[in-house]
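Heads up: the sequence shown at position 29 corresponds to 29 in full-length UniProt numbering, and the numbers run straight through without jumps.
Glycine included, every Cβ here is placed at the ideal spot set by N, Cα and C.
Computed from a prediction, not measured in an experiment: that's the story for all the values here.
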Amino acid sequence: MTQLFSQAQLEAIAGALGDTEEGLRGQEIVMLIAACKMVDPGEITKWQRIYNALAEAHAGPLRQGQGRSRVSGGAKRQP
Numbered sequence: 001m002t003q004l005f006s007q008a009q010l011e012a013i014a015g016a017l018g019d020t021e022e023g024l025r026g027q028e029i030v031m032l033i034a035a036c037k038m039v040d041p042g043e044i045t046k047w048q049r050i051y052n053a054l055a056e057a058h059a060g061p062l063r064q065g066q067g068r069s070r071v072s073g074g075a076k077r078q079p
């Protein structure tokens with residue numbers, strides 16, 4: 001099963017969303033994680049919190065052989 005995003009891409013996405021000046025704020029991060037039905041890793045630095053949630057959501061279905069994850073909008077590959 002191929003990954004949708006590389007680790008570097010997930011880090012870049014998390015870095016942009018968690019940017020101190022222009023990124024999301026605490027409650028916005030909570031809402032993003034909840035809206036995407038991802039596991040919230042708890043209060044750590046903003047970009048790490050977003051990265052950990054994205055990485056888990058990205059890797060979880062791939063580990064279980066379920067195709068694409070919620071990170072990609074929930075689409076699953078058809079056999």
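Excluding five sequence neighbours on each side, which residues of the same chain lie with their C-beta closer than 7 Å to the C-beta of alanine 14?
Around alanine 14, the same chain offers Trp47, Ile50, Tyr51 and Leu54 as residues with beta carbons nearer than 7 Å, after the five sequence neighbours per side are excluded.
Just the Cα atoms here: how many angstroms apart are serine 72 and glutamine 9?
Annotation note: pLDDT 44 at serine 72 (below 50); position unreliable, coordinate value reported separately. If you take the alpha carbons of serine 72 and glutamine 9, they lie about 13 Å apart.
In chain order, what residues of the same chain have a beta carbon less than 8 Å from the beta carbon of alanine 34, not counting five sequence neighbours either side?
Excluding residues up to 5 positions away in sequence, Asp40 lie with their Cβ nearer than 8 Å to the Cβ of alanine 34 in the same chain.
Looking at the structure shown, is valine 30 part of a helix, part of a strand, or coil, going by DSSP?
helix
Given a threshold of 16 other Cβ atoms within 10 Å of its Cβ, counted over all protein chains shown, does alanine 16 qualify as buried or as exposed?
exposed
In angstroms, rounded to a whole number, what distance separates the CA positions of arginine 70 and cysteine 36?
Unreliable placement is indicated for arginine 70, whose pLDDT of 48 sits below 50; the coordinate value is still reported in the next sentence. C-alpha separation (whole angstroms): 7 Å.
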